[in-house]
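Visitor:
And the structure:
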């Protein structure tokens, strides 16, 4: 049966004459006996001792990307490892000639495999291990880089940047005095640190000299700071915040601030109107529900008719009963 299918493939010219090596490699590695023996022979001892090759399973993954040539992971296998049966992927790429960008392509594949793994296992707490291998059968010596760092002008610096933990800037742990030493980014960090304060006005007054300096050189930045302070802040004293900015900036800056203030007021009025309409509709539905309760309608029917939850209707029923 297998022979017939292979003959059919050949007669239909499904096997590309330009890639017979790649086709044969994939066909062979799809054979469980071949794959198991291949990894037994080529995996480093410390890796081989951690995985259970009896659980070896081919994974079909395709990541279209023509920017660096072919966009298919050659062969990807999953295998259990450790006592908790974690996930370990074995990624094998077949090459007939050296490929300078192979490390970059492998890293792209590995990250995409991790991404797909997390989507498949949304409750996972760890990324899977992925062990990459290049199977090279070309006649010329393989001279292309074997690691990502060799692709950079400064491999040691690249290795440090990519391997070290990323830098965390916790602005809440930075002293205000340190932030106020810097005008441009310092004000941005200071405002974002204090934006959750119920009363942000005292903090704004502490940076009024900085706001003045900024307004003399970049009025657009002042507008952005004001807009963010009013829109994202917890304070309900918008008018006083606007006044604090007016006191700090130049005469030209005050005109810009008044324009922003008018916009904010218009937005606030519109939001108030919309909120009032929503409250009115809610109160109207509640009255309809009360009327339907008086008519003896069931709670489930009233819920469907008004859109109110059954819990809300039971509360209305309880209030109605107390009044009577």
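Numbering (the UniProt record's numbering), first residue to last: 1 to 324.
Beta carbons: idealized from backbone N, C-alpha and C, even for Gly.
With burial defined as no fewer than 16 other Cβ atoms inside 10 Å of the residue's Cβ, what is the status of residue 94: buried or exposed?
Guide: Answer is buried; the Cβ neighbour count reaches 16.
Visitor: Start and end of the beta strand (DSSP E) containing residue 132?
Guide: Note, residue 132: beta strand (DSSP E), 129-136.
Visitor: With a 10 Å radius around its C-beta and 16 neighbouring C-beta atoms as the bar for buried, classify residue 204 as buried or exposed.
Guide: Buried: at least 16 other Cβ atoms inside 10 Å.
Visitor: Give the C-beta separation of residue 300 and residue 253 to the nearest angstrom, bearing in mind that I take them to be a contact with Cβ-Cβ under 8 Å.
Guide: With a Cβ gap of about 60 Å, residue 300 and residue 253 do not count as contacting.
Visitor: Report the three-state DSSP secondary structure of residue 317 (helix, strand or coil).
Guide: In the structure shown, residue 317 sits in a helix (DSSP, three-state: H, G or I).
Visitor: Distance, Cα to Cα, residue 342 vs residue 175?
Guide: Nothing can be reported for residue 342: it is not among the residues displayed for the chain, which extend from 1 to 324.
Visitor: Starting from the C-beta of residue 216, find all residues in its chain whose C-beta is less than 7 Å away, skip the five residues before and the five after it, and write them out in chain order.
Guide: The residues are 250.
Visitor: Which residues share a DSSP beta bridge with residue 188?
Guide: DSSP lists no partner for residue 188.
Visitor: In whole angstroms, give me the CA-to-CA distance for residue 48 and residue 28.
Guide: Straight-line Cα distance between these residues: approximately 21 Å.
Visitor: Please report the straight-line C-alpha distance between residue 307 and residue 316, rounded to a whole angstrom.
Guide: Going from the Cα of residue 307 to the Cα of residue 316 covers about 14 Å.
Visitor: Is residue 91 helix, strand or coil when you go by DSSP?
Guide: The answer is strand: DSSP assigns residue 91 an E or B state.
Visitor: Decide if residue 88 is buried, meaning its Cβ has at least 16 other Cβ atoms within 10 Å, or exposed.
Guide: So residue 88 counts as buried.
Visitor: Cα-Cα, which of 104, 137 and 135 is closest to residue 148?
Guide: Closest option to residue 148, Cα to Cα, is 104.
Visitor: Would you kindly work out how many angstroms separate the C-alpha atoms of residue 66 and residue 108, rounded to a whole number?
Guide: Below a pLDDT of 50, predicted positions are generally treated as unreliable, and residue 66, at 47, falls in that range; no measurement from the model is reported.
Visitor: Near residue 183, which residues of its chain fall below 7 Å by C-beta distance, leaving aside the five closest residues on each side in sequence?
Guide: Cβ within range, chain order: 210, 213 and 214.
Visitor: Alpha helix (DSSP H) containing residue 46: first to last residue?
Guide: Start and end: 45-48.
Visitor: Applying the criterion that 16 or more other CB atoms from any shown protein chain within 10 Å of the CB defines a buried residue, is residue 38 buried or exposed?
Guide: Answer is buried; the Cβ neighbour count reaches 16.
Visitor: Straight-line CA distance for residue 102 to residue 166?
Guide: Spanning the two alpha carbons is a distance of roughly 25 Å.
Visitor: Taking the alpha carbon of residue 81 as the reference point, which residue from 57, 75, 92 and 97 has its own alpha carbon closest?
Guide: Checking every option, the nearest Cα to that of residue 81 belongs to 57.
Visitor: Let me know if residue 169 comes out buried or exposed under the rule of 16 or more other beta-carbons within 10 Å of its beta-carbon.
Guide: With fewer than 16 other Cβ atoms within 10 Å, it is exposed.
Visitor: Quick check on this structure: which residue in 304, 21, 285 and 313 has the alpha carbon closest to the alpha carbon of residue 135?
Guide: Nearest option by C-alpha distance: 21.
Visitor: For residue 190, which residues of its own chain have a beta-carbon under 7 Å away from its beta-carbon, when the five flanking residues on both sides are left out?
Guide: Counting only Cβ-Cβ distances below 7 Å, and skipping sequence neighbours, we find 176, 179, 180 and 207.
Visitor: Taking the alpha helix (DSSP H) that residue 209 belongs to, which residues open and close that run?
Guide: Here the alpha helix (DSSP H) through residue 209 covers 208-217.
Visitor: Near residue 79, what residues of its chain come up, given a Cβ to Cβ distance below 6 Å and the 5 sequence neighbours on each side ignored?
Guide: Cβ neighbours of residue 79 beyond the five flanking positions: 51, 55, 56 and 88.
Visitor: Can you grab the Cα-Cα spacing for the pair residue 313 / residue 289, in whole Å?
Guide: For residue 313 and residue 289, the distance between alpha carbons rounds to 7 Å.
Visitor: Take residue 271 and list the residues in its own chain whose beta-carbon comes closer than 8 Å to its own, dropping the five residues that flank it on each side.
Guide: Residue placement at residue 271 cannot be trusted, given a pLDDT of 47 that sits under 50; what the coordinates show is reported in the next sentence. Cβ neighbours of residue 271 beyond the five flanking positions: none.
Visitor: Which whole-angstrom value describes the C-beta separation of residue 74 and residue 92, a residue pair presumed to lie in contact below a C-beta threshold of 8 Å?
Guide: Sure, about 6 Å apart at Cβ, within 8 Å.
Visitor: Indicate the three-state DSSP secondary structure (helix, strand or coil) for residue 122 in the structure shown.
Guide: Coil at residue 122, not helix or strand.
Visitor: Specify, as a first and last residue, the run of the beta strand (DSSP E) that residue 54 falls within.
Guide: Where residue 54 is concerned, the enclosing beta strand (DSSP E) stretches over 51-59.
Visitor: Round the Cβ separation of residue 142 and residue 98 to the nearest angstrom and send it over; I've been treating them as touching at under 8 Å.
Guide: So it is a contact: roughly 5 Å between Cβ atoms.
Visitor: Answer with buried or exposed for residue 302, where buried requires no fewer than 16 other C-beta atoms within 10 angstroms of its C-beta.
Guide: So residue 302 counts as buried.
Visitor: Quick one: give me the first and last residue of the alpha helix (DSSP H) that residue 157 is part of.
Guide: Counting along the chain, the alpha helix (DSSP H) containing residue 157 begins and ends at 155-163.
Visitor: Smallest Cα separation from residue 32: which of 222, 76 and 96?
Guide: Cα-wise, what sits closest to residue 32 is 76.
Visitor: Out of 318, 223, 59 and 106, which has the shortest C-alpha to C-alpha gap to residue 248?
Guide: Nearest C-alpha to residue 248: 223.
Visitor: Taking the DSSP output, what are the residues bridged to residue 78?
Guide: DSSP output for residue 78 lists 57 and 89 as bridge partner(s).
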